[in-house]
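S.K.: Structure in structure tokens, see below.
Numbering (the working numbering), first residue to last: 128 to 473.
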């Protein structure tokens, strides 16, 4: 078995850093999390709901594919349908956690991916809203966020682009997890399929390992300039988060105590502010990326950090970042955010 590239979740370590939830009245749509049951760790509905109930007003969530529960029989192309079936089975009785699913369909099938999309849509019972493939690739072995990385260049193949075009007929969006070195491929893909909403995960993959130093101004500029070209396309969106990923280079897990939200907000500010400058709050959304990021910080602390970073914005802009942009991007009914204790959401 290939070792996980993610930091190990240590509940006892996380418990050493307790803080009260900030702005508990702020509604949140956690638009990016995973569920899995693996030999090295478990994160299923019980664990998710324990985090969701940690004091923030998290009203719904979006599940994003991570190779959970694939079928072990039948045509290879249809095996990812098992992930949707498994997630709905694990979360039976919940209609908001998750309220939507970003599933896996191999877009390298090109136009032949349509029957897979049909099967996913049927299995999802109205909850499948997007597709994501494993596409993050780097030549340096030190840059790994997936124990089974993909081959180079998937995003720029004609087959992948044809598969992306097929998503639009099904009313689906495309999530893309790519490193900063691949952002030109993301831009070209989004430009080739302008009718498709392309949602860029984890701030567009700013790197801080291997040949990339997160404190190097040239490295930061390369990420920013490449992301700016992606942001210039009106069909693109950005998820702000993923700072607990090993490839970002932060090493909070090495410390004796877990980080507090003040530290996280100060550390992440240059990247968050850049994403907001490029996309604006109405095309950007905060994500937890749990349980991946849980190896470096608690759920409560993560959202406190985001709230600190969003504090200078208007109430409407904060709502964009915490729920409205994501519901628009994924076509989620926003009525679950329409009622609040004390203020009207509009």
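C-beta atoms are modelled at their ideal positions from N, C-alpha and C, and glycine is treated no differently.
Is residue 357 close to the ligand PLP? I mean its beta-carbon at under 6 Å from any heavy atom of the ligand.
M.R.: With respect to small molecules bound, the structure shown includes none, and the ligand PLP cannot be examined in it.
S.K.: In angstroms with no decimal places, state the Cα-to-Cα distance between residue 465 and residue 184.
M.R.: Rounded to whole angstroms, residue 465 to residue 184 spans 13 Å at the Cα level.
S.K.: Beta carbon of residue 376, beta carbon of residue 422: below 7 Å?
M.R.: No.
S.K.: Mind pulling the beta strand (DSSP E) runs of 3 or more residues that sit fully within the region 215-267?
M.R.: Runs of the beta strand (DSSP E) inside the region 215-267: 227-230 and 255-259.
S.K.: Within the same chain, show all residues whose beta-carbon is closer than 7 Å to that of residue 143, passing over the 5 residues directly before and after it, in chain order.
M.R.: 384 and 385.
S.K.: Once you ignore the five residues that flank residue 253 on each side, which residues in its own chain have a CB closer than 8 Å to its CB?
M.R.: Excluding sequence neighbours, residue 253 sits near nothing in its chain.
S.K.: Where does residue 272 fall in DSSP's three states?
M.R.: If DSSP states are grouped into helix, strand and coil, residue 272 belongs with coil.
S.K.: Within the same chain, show all residues whose beta-carbon is closer than 7 Å to that of residue 261, passing over the 5 residues directly before and after it, in chain order.
M.R.: Closer than 7 Å at Cβ, skipping near neighbours: 273 and 277.
S.K.: Just verifying my parser: in three-state terms, what is the DSSP assignment at residue 383?
M.R.: Correct three-state label for residue 383: coil.
S.K.: Quick check: residue 213 and residue 195, are their CB atoms within less than 7 Å of each other?
M.R.: Result yes, Cβ atoms of residue 213 and residue 195 sit closer than 7 Å.
S.K.: Ends of the beta strand (DSSP E) at residue 363?
M.R.: Counting along the chain, the beta strand (DSSP E) containing residue 363 begins and ends at 363-367.
S.K.: If you follow the alpha helix (DSSP H) that residue 394 is in, where does it begin and where does it stop?
M.R.: Note, residue 394: alpha helix (DSSP H), 388-406.
S.K.: Locate the beta strand (DSSP E) running through residue 184, then write down its first and last residues.
M.R.: Run containing residue 184: 184-191, per the beta strand (DSSP E) assignment.
S.K.: Taking residue 131 as the reference, give the member of 271, 441, 146 and 430 with the closest Cα.
M.R.: Among 271, 441, 146 and 430, the Cα nearest to that of residue 131 belongs to 271.
S.K.: Are the C-beta atoms of residue 244 and some chain B residue less than 7 Å apart?
M.R.: Absent from the structure: chain B. Only one protein chain is present.
S.K.: I need the DSSP call for residue 304, collapsed to helix, strand or coil.
M.R.: Three-state result, residue 304: coil.
S.K.: Residue 157 to residue 415, Cα distance in whole Å?
M.R.: Each residue's Cα considered, the two are about 6 Å apart.
S.K.: Rank 381, 322 and 318 by C-alpha distance to the C-alpha of residue 357 and give the top, closest one.
M.R.: Nearest C-alpha to residue 357: 318.
S.K.: May I ask which residues mark the beginning and end of the alpha helix (DSSP H) holding residue 292?
M.R.: Looking at the DSSP string, the run of the alpha helix (DSSP H) that includes residue 292 is 285-296.
S.K.: Going straight from the alpha carbon of residue 378 to that of residue 370, what length do you get?
M.R.: Rounded to whole angstroms, residue 378 to residue 370 spans 10 Å at the Cα level.
S.K.: Within 10 angstroms of its Cβ, does residue 451 collect 16 or more other Cβ (buried), or is it exposed?
M.R.: The residue is buried, with at least 16 neighbouring Cβ atoms inside 10 Å.
S.K.: How far does the beta strand (DSSP E) with residue 453 in it extend, from its first residue to its last?
M.R.: Counting along the chain, residue 453 falls outside any beta strand (DSSP E), though it belongs to the alpha helix (DSSP H) covering 452-457.
S.K.: Taking residue 413 as part of the alpha helix (DSSP H), name the residues at either end of that continuous run.
M.R.: Careful: residue 413 lies outside any alpha helix (DSSP H), inside the beta strand (DSSP E) at 411-413.
S.K.: Short check: CB of residue 226 to CB of residue 192, under 7 Å?
M.R.: Cβ distance not < 7 Å, so residue 226 and residue 192 don't count as in contact.
S.K.: Can you tell me whether residue 445 is helix, strand or coil according to DSSP?
M.R.: Helix, per DSSP.
S.K.: Helix, strand or coil for residue 171, going by three-state DSSP, please let me know.
M.R.: Looking at residue 171 - three-state DSSP - the assignment turns out to be coil, as it is neither helix nor strand.
S.K.: Over the uninterrupted beta strand (DSSP E) stretch that includes residue 461, give me the two end residues.
M.R.: Looking at the DSSP string, residue 461 is not in any beta strand (DSSP E), and its letter there is neither H nor E.
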